[in-house]
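Numbering (our numbering), first residue to last: 9 to 305.
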């Protein structure tokens with residue numbers, strides 16, 4: 009239907025199993041077959057290209073992954089197809105979340121730490137071989153006030169996609185990727201966390217994801233009033249049993265602010281993850297105003 013309607017068709021290949029990825033990336037024969045299968049998928053179905061979203065690639069496999077992207081790009085471009093790449097957000101080459109305390113998180117390394125030759129080659133291939141690079145502007149999980157006990161009174165514990173962090177990840181991406189290739193991934197969902205105050209700060213454990221509709225219903229059920237965090241998200245806290253819960257989620261206004269940041273840095277555009285009917289109904293008016301009626305994509 010996309011082909012008949014002349015709509016660009018670039019589906020996403022999403023792979024999140026680290027062990028399975030490593031088994032392929034570390035074996036030259038398997039990797040060669042995998043590259044061939046991806047290319048055949050695009051050509052057989054007359055797609056315009058493919059979006060590679062292989063998350064949490066192990067550092068030891070980064071060189072092989074870089075070569076895979078480089079070779080796949082050559083084959084796709086030879087057939088007049090495009091290669092898009094989805095990346096986890098980073099604020100620097102050295103840490104996953106450079107701005108915030110990640111003491112209680114398991115870091116997910118996208119690049120080798122530091123300025124190694126593997127990192128430099130990877131960044132060069134990403135910038136030169138990929139037609140678009142989609143940065144996932146979500147799952148920040150930062151705790152900017154973890155060392156400040158007063159933040160307990162502010163109902164601001166964990167960031168999912170704060171505006172300050174979004175600026176940080178865009179700035180880092182611009183340090184090695186041409187701005188006309190960068191697409192910011194914007195979430196419409198949020199999270200519920202279990203919050204545990206300690207003598208050393210706050211620990212938090214992700215409970216579940218929540219979209220605007222479910223978060224709004226929960227807020228009403230608990231007779232709470234949502235507040236805007238310093239990062240622009242809506243949030244509220246409540247208690248159930250012996251647990252303290254914190255919810256942060258995205259409204260149409262929150263997403264509009266992310267679009268404004270994308271425009272500020274003059275990047276290619278945004279993509280929204282993901283539209284399923286549970287987002288803020290007001291989002292459609294925002295999209296019509298900010299995207300459909302403008303040259304921004």
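Ideal Cβ placement from N, Cα and C applies to all residues, glycine included.
Computed from a predicted model, the values in this text were never measured in an experiment.
Straight-line gap, residue 218 to residue 23 (C-alpha atoms, nearest Å): If you draw a straight line from the Cα of residue 218 to the Cα of residue 23, it comes to about 23 Å.
Which listed residue (47, 141, 196 and 175) has its alpha carbon closest to that of residue 241: With respect to the C-alpha of residue 241, the residue from 47, 141, 196 and 175 having the closest C-alpha is 196.
Whole-angstrom distance between residue 214 and residue 250, CA atom to CA atom: 16 Å
Buried versus exposed, by CB contacts within 10 Å (16 or more), residue 105: Bear in mind that a pLDDT of 38 at residue 105, under 50, signals an unreliable position, so the number given afterwards is only what the model happens to contain. With 16 or more other Cβ atoms within 10 Å, it is buried.
Same chain, Cβ closer than 6 Å to residue 187, neighbours up to 5 away in sequence not counted: 274 and 275
Option nearest residue 133 by Cα separation, candidates 72, 168, 145 and 193: 72
Sequence-distant residues of the same chain with beta carbon closer than 7 Å to residue 265, five excluded per side: Cβ within range, chain order: 171 and 240.
Residue 272 burial status per 10 Å Cβ neighbour count (16 or more: buried): exposed
Bridge partners - residue 200, DSSP secondary structure assignment: 216 and 255
Own chain, CB closer than 6 Å to residue 286, minus 5 neighbours either side, in chain order: 219 and 221
Exposure label - residue 16; buried when at least 16 CB within 10 Å: exposed
Residue 73 - containing alpha helix (DSSP H), residue span: Bounds of the alpha helix (DSSP H) holding residue 73 are 70-86.
Sequence ranges, alpha helix (DSSP H) only - wholly within the segment 221-296, length at least 4: 260-272 and 291-295
Beta bridge counterpart(s) of residue 125 as assigned by DSSP: BP columns for residue 125 are empty, so no partner.
Three-way DSSP call (helix, strand, coil) for residue 155 in this model: No answer about residue 155 holds up, because its pLDDT of 39 lies below 50 and its placement is not dependable.
DSSP state of residue 94 mapped onto helix, strand, coil: strand
Cβ-based burial, residue 102 [other Cβ within 10 Å; buried from 16]: Residue 102 is exposed by the Cβ-count criterion.
Same chain only: Cβ atoms within 7 Å of residue 255, ignoring 5 sequence neighbours per side: Once the five neighbours on either side are set aside, the close Cβ partners of residue 255 are 198, 200, 218, 223, 226, 243 and 244.
Simplified DSSP state of residue 16, which is helix, strand or coil: It is coil, neither helix nor strand.
Simplified DSSP state of residue 55, which is helix, strand or coil: coil
Anticipated Cβ contact below 8 Å, residue 138 with residue 92, distance rounded: 7 Å
Residue(s) in a DSSP beta bridge with residue 46: As far as DSSP is concerned, residue 46 takes part in no beta bridge.
DSSP-derived helix/strand/coil call for residue 130: In this structure, residue 130 counts as helix in the three-state DSSP scheme.
Bounding residues of the alpha helix (DSSP H) (the contiguous stretch that carries residue 194): Counting along the chain, residue 194 falls outside any alpha helix (DSSP H), though it belongs to the beta strand (DSSP E) covering 190-195.
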